[in-house]
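So for the sequence shown, our numbering puts the first residue at 4; every next one is plus one. Yeah, the Cβ is synthetic: ideal placement off N, Cα and C, and Gly gets one too. See below for the structure under consideration.
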Amino acid sequence: MTNSINIIRSKNKKLVVHEVDISHVRLVELSQLADQAKPFYDWVERRTKNVMKNSKSFEDNIMIMTKEQIAQVIKDCYTDNSSKVPMLFDGVGRSYPHNKACFYFLSWIIRDAPQQRLSPLISRMTRHNKDLKKIEAEIDSLAALYVEYRNNARNFKWESIREVVIDRLEGSRRSISGHLLEANIRASIATAFQNYYAINMDYGVYDNIVINNKQISIGSDTIDVSAMLTKDKNIKYLYIPVKSRETEGGGHSHLFSRDIITAVNNIKANVPIAHIAVVIVATNWSNSEIESILKDIDIVFHFDMNPNELNILDDDSQREINVYIERVLKGEI
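Laid out in structure tokens, this is it:
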């Protein structure tokens, strides 16, 4: 175990013009999240090269492929049963199931709002033809859309698709204002997993990673962010309780620390071999009170800032999360 406390201080920069802050923090958040879709784009590109038996880019191949070839690429994406496939996340770091990730990503490129607009049309197809499977209707529909509208869309480079992804992520990010802190930490963990995949094309000693999309309960405690790390049929868990405090010092600090200790002890009692990383977001908090539990956890990330200041992490802060996740995936801790 690393048994360390990493203190991370706010580096949020304000853009002040005539004494007014006009910062566009959301653009930074969304662009960083959109970059986590790049491994998925690269993975789809490799599927097109495999079908076409060439080394051309996705944007070149998609313009010359027949409908049957495009359908084969989409089918290959859907039916890739290998566990080491990239994940696709929404605007708050929640991973989509693989088939839905394929459908959403390939739809985003050629047609807006797949869930709200395209899915009902596909449901109508399967109602009209009881022998038609949903996956077949999705593949046929997407292939037809690409052939029909690729000359209109025209630019299928990652830089252009990245802008589309940013637009798609914004909607899901707007919907979670009440759980923004939890969402930001989940997004940073998702970013760390994708960063490792982008470099290594796998998840280290594990076959597959699933990030839980919501809080889970262990005993009497609620764990904000968690993930399941699968090797063969064995599952190891990563639990990340997130504790925040806006007040400073006094008795509140002691109660705050006591809550952290209780949460960790509860996890250890119920899941003894789990990875535990504690995230604390509080100003002027003394970490000496939790030294008794450091031997039972991997690491503490203490964000020395007001919870309202914690947005998507800056590069240096994200790198610290990346290093921790890398060590977990390599089996070093």
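Quick one: give me the first and last residue of the alpha helix (DSSP H) that residue i is part of.
i	result
Met308	Note, Met308: premise wrong, no alpha helix (DSSP H); not H, not E.
Leu145	137 to 156
Lys239	Unbroken run through Lys239 is the beta strand (DSSP E), 237 to 243; no alpha helix (DSSP H).
His131	122 to 131
Ile214	From DSSP, Ile214 is part of no alpha helix (DSSP H) but of the beta strand (DSSP E) over 211 to 214.
Ile202	183 to 203
Starting from residue i and walking both ways along the beta strand (DSSP E), at which residues does that stretch end?
i	result
Asn57	Taken as a continuous stretch (DSSP letters only), Asn57 belongs to no beta strand (DSSP E), as it is neither H nor E.
Ser320	Per DSSP, Ser320 belongs to no beta strand (DSSP E); it is in the alpha helix (DSSP H), 318 to 332.
Ser223	Here Ser223 belongs to no beta strand (DSSP E), and DSSP marks it neither H nor E.
Please work out which residues of its chain come closer than 6 Å, Cβ to Cβ, to residue i, disregarding the five sequence neighbours upstream and downstream, and give them in chain order.
i	result
Ile248	Note on residue identity: the sequence assigns Arg, not Ile, to residue 248. Closer than 6 Å at Cβ, skipping near neighbours: Phe259, Ala285.
Thr225	Gln218
Gly253	Low local confidence applies: a pLDDT of 48 at Gly253 is under 50, so the model's placement there is unreliable, and no value is given.
Tyr149	Ile73, Ile113
Do residue i and residue j have their C-beta atoms within less than 8 Å of each other?
i	j	result
Val228	Ile243	yes
Arg189	Val95	yes
Leu91	Phe61	no
Arg153	Ile77	no
Ser85	Leu121	no
Ile138	Tyr81	yes
Asn198	Asn57	no
Lys234	Asp205	no
Ile212	Leu232	yes
Gln75	Thr194	no
Assuming residue i contacts residue j (C-beta within less than 8 Å), just tell me the rounded distance between them.
i	j	result
Asp301	Ile336	6 Å
Ile25	His305	That belief does not hold up - the Cβ atoms of Ile25 and His305 are roughly 30 Å apart, past 8 Å.
Ile221	Ile192	Incorrect: roughly 17 Å between the Cβ atoms, too far for contact.
Asp79	Val54	7 Å
Phe106	Glu151	No, Phe106 and Glu151 are not in contact; Cβ-Cβ is about 18 Å, not under 8 Å.
So for residue i, helix, strand or coil by DSSP?
i	result
Lys17	coil
Ala230	strand
Asp45	helix
Ser98	strand
Ala40	coil
Gly253	Reliability fails at Gly253, whose pLDDT of 48 lies under 50, so the model's placement of it is uncertain and no value is given.
Phe159	coil
Asn287	coil
Asn84	coil
Lys52	helix
Ser34	helix
Ile8	strand
Val168	helix
Val274	coil
Ile302	strand
Leaving out five residues before and five after residue i in sequence, what residues of the same chain have Cβ atoms less than 7 Å from its Cβ?
i	result
Trp46	Val88, Pro89
His101	Val88
Arg171	Trp111
Ser34	Ile169
Gly37	Position check: residue 37 holds Ala in this sequence, whereas Gly was assumed. Once the five neighbours on either side are set aside, the close Cβ partners of Ala37 are Arg165, Val168, Ile169, Leu172.
Leu135	Met128, Thr129
Lys333	Gly207, Val208
Thr5	Any reading at Thr5 must be qualified, since the residue scores a pLDDT of 47, below 50, and its modelled position is unreliable; no value is offered.
Asn269	Ile221, Gly222, Ser223, Asp224
Which same chain residues end up closer than 8 Å to residue i when comparing Cβ atoms and leaving out the 5 residues on each side of it in sequence?
i	result
Thr265	Asp224
Ser295	Ile264
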